[in-house]
Amino acid sequence: MKILAKLSLASVLIGSLSCGPTNDLEKTKATVSQQTIKDHIYYLASDEMRGRDTGSPEILKAADYLADQLQSYGAKQVPGADGFFQKVPLRKKTPATAGAFSYGGRDFELNKDFIVVDGESGNFNGEVVYLEYGLESDYENAEVAGKFVFAKVGDGENTDRRAILQLSREKYELAREKGAAGLVEFYSVPSLPWDNLGRMFNRVGITLDQSANAFSTDPIIPHLWLKDMDNANQRFMMTRSIKRAELSIEGMTNELTGDKNVLAMVEGTDPELKKEFIMFSAHYDHVGVGPANAEGDSIYNGTRDNAIGTVTVLSAAENIAKYPMKRSALFVLYTAEEKGLLGSRYMANNPIIPNNEIVFCWNSDNGGYNDTSISTIVGLERTTATPFIKEANVAFGLEAVEDQSGMGLFNRSDNVNFARKGIPAPTYSLGFREFDDEINKYYHKQTDNPNSVDYDYLEKFFKSYVYASRLIGNAPERPFWVEGDPYYEAGKALYGLD
Numbered sequence: 001m002k003i004l005a006k007l008s009l010a011s012v013l014i015g016s017l018s019c020g021p022t023n024d025l026e027k028t029k030a031t032v033s034q035q036t037i038k039d040h041i042y043y044l045a046s047d048e049m050r051g052r053d054t055g056s057p058e059i060l061k062a063a064d065y066l067a068d069q070l071q072s073y074g075a076k077q078v079p080g081a082d083g084f085f086q087k088v089p090l091r092k093k094t095p096a097t098a099g100a101f102s103y104g105g106r107d108f109e110l111n112k113d114f115i116v117v118d119g120e121s122g123n124f125n126g127e128v129v130y131l132e133y134g135l136e137s138d139y140e141n142a143e144v145a146g147k148f149v150f151a152k153v154g155d156g157e158n159t160d161r162r163a164i165l166q167l168s169r170e171k172y173e174l175a176r177e178k179g180a181a182g183l184v185e186f187y188s189v190p191s192l193p194w195d196n197l198g199r200m201f202n203r204v205g206i207t208l209d210q211s212a213n214a215f216s217t218d219p220i221i222p223h224l225w226l227k228d229m230d231n232a233n234q235r236f237m238m239t240r241s242i243k244r245a246e247l248s249i250e251g252m253t254n255e256l257t258g259d260k261n262v263l264a265m266v267e268g269t270d271p272e273l274k275k276e277f278i279m280f281s282a283h284y285d286h287v288g289v290g291p292a293n294a295e296g297d298s299i300y301n302g303t304r305d306n307a308i309g310t311v312t313v314l315s316a317a318e319n320i321a322k323y324p325m326k327r328s329a330l331f332v333l334y335t336a337e338e339k340g341l342l343g344s345r346y347m348a349n350n351p352i353i354p355n356n357e358i359v360f361c362w363n364s365d366n367g368g369y370n371d372t373s374i375s376t377i378v379g380l381e382r383t384t385a386t387p388f389i390k391e392a393n394v395a396f397g398l399e400a401v402e403d404q405s406g407m408g409l410f411n412r413s414d415n416v417n418f419a420r421k422g423i424p425a426p427t428y429s430l431g432f433r434e435f436d437d438e439i440n441k442y443y444h445k446q447t448d449n450p451n452s453v454d455y456d457y458l459e460k461f462f463k464s465y466v467y468a469s470r471l472i473g474n475a476p477e478r479p480f481w482v483e484g485d486p487y488y489e490a491g492k493a494l495y496g497l498d
């Protein structure tokens, strides 16, 4: 009898030890820890990380830390990635301090007559060729290798500032690919005053190199805008037999930064649904070091923006690696959001997991909070995942609300680069109904330190994010855009839906 009693007791103990959480709510509670949240945030937003600026040694250190965490959870490398990374071809440029340009006997002065949009220090000379707008069709039957390509700015139709800048970049990348010695655009756009251009380009900046040879260490060819508001320089080019151009640039540097997106995955458990990925994303960069405040603090720590968002994704990764969902999970942490959503733009245009296999982008980005009773979801009512998000918030004593700030936030975070492809992509944010003094006190300020946030609130916020993730990842139906949404048709095209 004693032997049977002991066996019976042992069986009960073994059974109780092997009985883990059985539903998504219990699985969420089992891994999300306030102390773990705090430890991650205190590290990422520490003075040691010096604001995690793009192109800095500290952001590379942060990338390594994030990769180590993902690996420690048991998340796997994404096939085709560089370990737990995707290299992003960002270039850090310092402006020219001196320069001279001439062709056809005419001399031009730096900044007064021409601006160096891209390039690096050096002396350049070569034959010239005029290609109208410098578009792909203009290169037909043209021999441009080793020559300066001259072209009109824009395309003759679109005068929108952003479109002109984007087209100019594309023309420059095309000239590089064709082997040109440089690109010179005749600049005559009234909507972009010349003096404003000087302020735009004559500062240290980060750009995304989207050319085919983006990671090449070959010299960077020069790209000039030549002031030509009255088209006089263009007429001179057209009416003279111009043979050569000469250019000198001093003080300009142009180097790859080494920045990386961090990524990992967990395969789903369902034979069919695992072919679909839920993507969990956030940017981990901030704005670095800047002018000191009255207290002498010059480090912009970026706790709210966006150490918290980064750790939100880590919390999801830890949970899902331990308790996989039916759908597969892709975890992505972007660099260079603060420089213009560059890390996410690169991934959206150069996906490692095909975009049509990613059925939901669950982004997390923050400017701050002023209401600890809510989570603000930018795009809450724009996808069919709304009921799951609301249910998850209620489970932890929060209310999920739509962004009502009127600041166009949906199109100002990394999610938009995937929404444009057609992927449903709301952003999960700390609670706010409007941007007020409480948010502005910390937003992009030296005061955004790890000791300035409410960790009891963050625990509820993190748990609601993870629980919503599990509900979405295990649902029988994939989420999609609400019919009539601006990205609804893009989604239908991406996924081949009728």
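Going by UniProt numbering, the letters in the sequence shown line up with residues 1 to 498, in that order. Note that CB positions come from ideal geometry on N, CA and C, so glycine has one too. These numbers were taken from a predicted model, which means no experiment stands behind them.
- The three-state reading of DSSP puts Ile221 in coil, since its state is none of H, G, I, E or B.
- Looking from the CA of Leu66, the closest CA among Val262, Gly105 and Phe462 belongs to Val262.
- In the DSSP secondary-structure assignment, Thr383 is bridged to Trp481.
- According to DSSP, Ser216 shares a beta bridge with no other residue.
- Its chain contains Asn366 as the residues whose beta carbon lies nearer than 6 Å to that of Ile308, once the 5 sequence neighbours on both sides are disregarded; these appear in chain order.
- For Lys93, the enclosing beta strand (DSSP E) has its first and last residue at Leu90 to Thr94.
- For the pair Gly83 and Leu60, the Cα-to-Cα distance works out to about 14 Å.
- Between the alpha carbons of Met49 and Ile206 lies a distance of about 19 Å.
- Look at the beta carbons and you see the stretch 422-439 not touching the stretch 292-300: under three pairs across the two are nearer than 8 Å.
- Scanning Phe108, Ser102 and Val482 for the CA closest to the CA of Val128 turns up Ser102.
- For a cut-off of 8 Å, the C-beta gap from Ala212 to Glu177 is around 5 Å, short enough to register as a contact.
- Taking a C-beta distance under 9 Å as the contact criterion, Val332 and Val313 qualify as a contact pair.
- Following the DSSP letters along the chain, one finds Asp138 in no alpha helix (DSSP H), marked with neither H nor E.
- Rounded to the nearest angstrom, the gap between the Cα atoms of Thr269 and Gly51 is 38 Å.
- Taken in chain order, the complete alpha helix (DSSP H) segments of 4 residues or longer contained in the stretch 402-460 are 415-419 and 437-440.
- Leu25 is not a Cβ neighbour of Ala317, given a cutoff of 9 Å.
- Exclusion of the five residues before and after Tyr300 leaves Gly51, His286, Val287, Gly288, Val289, Gly290, His444, Lys445, Gln446 and Asp448 as the residues of its chain whose Cβ lies within less than 8 Å of its Cβ.
- Listed as beta-bridge partners of Thr376 by DSSP are Val401 and Ser429.
- For Ser248, the beta-bridge partners assigned by DSSP are Ala100 and Asn123.
- The beta carbon of Arg240 lies closer than 7 Å to those of Gly104 in the same chain, with the five residues before and after it left out.
- The beta-carbon separation of Gly251 and Ala100, rounded to 13 Å, does not stay under the 8 Å limit for a contact.
- DSSP places Ala151 in the strand class (E or B) of the three-state scheme.
- It is roughly 46 Å from the alpha-carbon of Gly198 to the alpha-carbon of Ser373.
- The residue among Asp371, Ile37 and Gly496 with its C-alpha nearest the C-alpha of Phe462 is Ile37.
- The Cβ-Cβ distance between Leu131 and Val149 falls below 9 Å.
- Per the C-alpha coordinates, the member of Ile278, Glu120, Glu58 and Arg162 positioned closest to Asn254 is Glu120.
- In terms of Cβ geometry, Gly134 and Val189 do not form a close pair [threshold 9 Å].
- Listed in chain order, the alpha helix (DSSP H) elements of length 4 or more contained wholly in the stretch 169-220 are 194-201.
- Measuring C-alpha to C-alpha distances from Gln210 to each of Arg244, Ser344 and Asp160 identifies Ser344 as the nearest.
- Distance from the CA atom of Gly126 to the CA atom of Phe418, rounded to whole angstroms, is 42 Å.
- In the structure shown, the three-state DSSP call for Phe462 is helix.
- Each residue's CA atom was taken as its position, placing Ile389 and Phe108 some 59 Å apart.
- Taking a contact as a CB-CB distance under 8 Å, the pair Ile278 and Arg327 counts as one, their CB atoms being some 5 Å apart.
- A distance below 6 Å between beta-carbons, with the five flanking residues on each side excluded, links Tyr334 to the following residues of its chain, in chain order: Asn261, His283, Gly343, Ser344 and Asp414.
- Per DSSP, Ile37 is one residue of the alpha helix (DSSP H) stretching across Gln34 to Leu44.
- The distance from the Cβ of Tyr467 to that of Ala395 is about 6 Å, consistent with a contact at the 8 Å cut-off.
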